[in-house]
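Colleague:
In this note's numbering, the protein residues as written are -5 to 231.
#1: Could you pull out every residue in the same chain whose Cβ sits closer than 6 angstroms to the Cβ of residue 160, ignoring the five residues on either side in sequence?
#2: Would you call the CB atoms of residue 230 and residue 185 closer than 8 angstroms?
#3: Since residue 191 and residue 124 are thought to touch, with beta carbons under 8 angstroms apart, how far apart are those beta carbons, to the nearest angstrom?
#4: Just reading off the beta strand (DSSP E) that residue 182 is part of, what are its end residues?
#5: Would you mind sorting residue 114 into buried or exposed? The rule is 16 or more other CB atoms within 10 Å of its CB.
#6: Compute the Euclidean distance between the alpha carbons of residue 30 and residue 162, then round it to the nearest angstrom.
#7: Short check: CB of residue 177 to CB of residue 164, under 8 angstroms?
#8: For residue 66 and residue 106, I'd like the C-alpha separation in whole angstroms.
#9: With burial defined as no fewer than 16 other Cβ atoms inside 10 Å of the residue's Cβ, what is the status of residue 55: buried or exposed?
#10: With 16 other CB atoms within 10 Å as the buried threshold, where does residue 68 fall?
#11: Leaving out five residues before and five after residue 224 in sequence, what residues of the same chain have Cβ atoms less than 6 angstroms from its Cβ?
#12: Could you compute how far the alpha carbon of residue 166 sits from the alpha carbon of residue 141?
#13: Using the three-state DSSP reduction, which class does residue 52 fall into: helix, strand or coil?
#14: By how many angstroms is the C-alpha of residue 110 removed from the C-alpha of residue 89?
#15: Applying the 10 Å Cβ sphere with the 16-neighbour rule, what's the burial state of residue 92?
#16: According to the neighbour-count rule (16 or more other Cβ atoms, all chains shown, within 10 Å of its Cβ), is residue 117 buried or exposed?
#17: Do residue 155 and residue 220 have their CB atoms nearer than 8 angstroms?
#18: Does the Cβ of residue 195 have 16 or more other Cβ atoms within 10 Å, making it buried, or fewer, making it exposed?
#19: Using the Cα positions of residue 151 and residue 228, report the straight-line distance between them to the nearest angstrom.
#20: Given a threshold of 16 other Cβ atoms within 10 Å of its Cβ, counted over all protein chains shown, does residue 182 qualify as buried or as exposed?
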């Protein structure tokens, strides 16, 4: 048994004449609501030879072509994102291994402020630490930027990570490398309750390398590794 392709008319449904009148009064309706094409059936029979039907079919074909291009672009974007994620994950693994391989505390700091820059393929990495005066307990190594008490809380605004694009780098964070920085990732580092808070800062000359809304799980993982290794090197519980 075959079923009628047309839906039954309801009491409040517009008549075919009313639909036709509406479409005549609103010729841009299909442009404004292209999804309607997905539910319309093309005309059948000899009347298909008319120019208006040919125009309608051309419209449908162009719509299908546009959908195909959109799907292809979305597929390429998904594949590229997956590749980038794999590359970033591989870099993060190498970064953690380098931190674990540090031979002494100075080498550990060098790994953070120097080697991570190369491994993660960014332009500059710094460790910003709150300190009174010019000394940090247990730390006497170059490569660390010092800031006054309260700076980390003020900058981070209660967040663990800040991703910022299209910026001018801060000399307080990057010293002489500040003019190079156009985007950055700032990750809070809390070593222990009795130690000052810190920030692991990654800067890039690419203004859009770091943007709000990007995934932060990998960089947060790296910060947690840094915290634990700091505690191990400084023998802090």
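Glycine included, C-beta positions come from ideal geometry on N, C-alpha and C.
Fair warning: this is a prediction, and the values are worked out from it, not measured in the lab.
Modeller: Judging by the given coordinates:
#1: Taking the first residue of the chain shown as position 1, residue 160 is located at position 166. Residues 201 of the same chain have their beta carbon placed closer than 6 angstroms to that of residue 160, with the five preceding and five following residues left out of the count.
#2: Numbered from 1 along the chain shown, position 236 holds the residue referred to as residue 230. Numbered from 1 along the chain shown, position 191 holds the residue referred to as residue 185. Cβ distance < 8 angstroms, so residue 230 and residue 185 count as in contact.
#3: Indexing the chain shown from 1 puts residue 191 at position 197. Indexing the chain shown from 1 puts residue 124 at position 130. Right, the Cβ-Cβ distance comes to about 6 angstroms (below 8 angstroms), so this counts as a contact.
#4: Counting from one through the chain shown, the residue named residue 182 turns up at place 188. Its beta strand (DSSP E) spans residues 177 to 183.
#5: Residue numbering aside, residue 114 sits at position 120 when the chain shown is read from its first letter. Under this definition residue 114 is a buried residue.
#6: Taking the first residue of the chain shown as position 1, residue 30 is located at position 36. Taking the first residue of the chain shown as position 1, residue 162 is located at position 168. Looking at the two C-alpha atoms, the distance is approximately 48 angstroms.
#7: Sequence index remark: in the chain shown, residue 177 carries index 183 (1-based). Sequence index remark: in the chain shown, residue 164 carries index 170 (1-based). One thing to note: residue 177 has its Cβ no nearer than 8 angstroms to the Cβ of residue 164.
#8: Your numbering for residue 66 matches position 72 in the chain shown. Your numbering for residue 106 matches position 112 in the chain shown. In this structure, the CA atom of residue 66 is about 41 angstroms from the CA atom of residue 106.
#9: Sequence index remark: in the chain shown, residue 55 carries index 61 (1-based). So residue 55 ends up on the exposed side.
#10: Position 74 of the chain shown, counted from the first residue, corresponds to residue 68. Flag for residue 68 reads exposed.
#11: Residue 224 sits at position 230 when you count from the first residue of the chain shown. Cβ within range, chain order: 185.
#12: Indexing the chain shown from 1 puts residue 166 at position 172. Indexing the chain shown from 1 puts residue 141 at position 147. Rounded to the nearest angstrom, the two C-alpha atoms are 8 angstroms apart.
#13: Within the chain shown, residue 52 is the residue found at index 58, counting from 1. Annotated three-state conformation of residue 52 is helix, per DSSP.
#14: In the chain shown, the residue the question calls residue 89 occupies position 95. In the chain shown, the residue the question calls residue 110 occupies position 116. The straight-line gap from Cα to Cα measures roughly 6 angstroms.
#15: Reading the chain shown from its first residue, position 98 is the one you call residue 92. Using a 10 angstroms sphere on the CB of residue 92, the tally of other CB atoms reaches 16 or more, which defines it as buried.
#16: Within the chain shown, the letter at position 123 stands for residue 117. Buried: at least 16 other Cβ atoms inside 10 Å.
#17: Indexing the chain shown from 1 puts residue 155 at position 161. Indexing the chain shown from 1 puts residue 220 at position 226. No, the pair does not count as a contact, with Cβ atoms beyond the cut-off.
#18: Reading the chain shown from its first residue, position 201 is the one you call residue 195. The residue is buried, with at least 16 neighbouring Cβ atoms inside 10 Å.
#19: Counting from one through the chain shown, the residue named residue 151 turns up at place 157. Counting from one through the chain shown, the residue named residue 228 turns up at place 234. Taking the CA atoms as reference points, residue 151 sits about 28 angstroms from residue 228.
#20: The residue labelled residue 182 in the question sits at position 188 within the chain shown. Classification for residue 182: buried.
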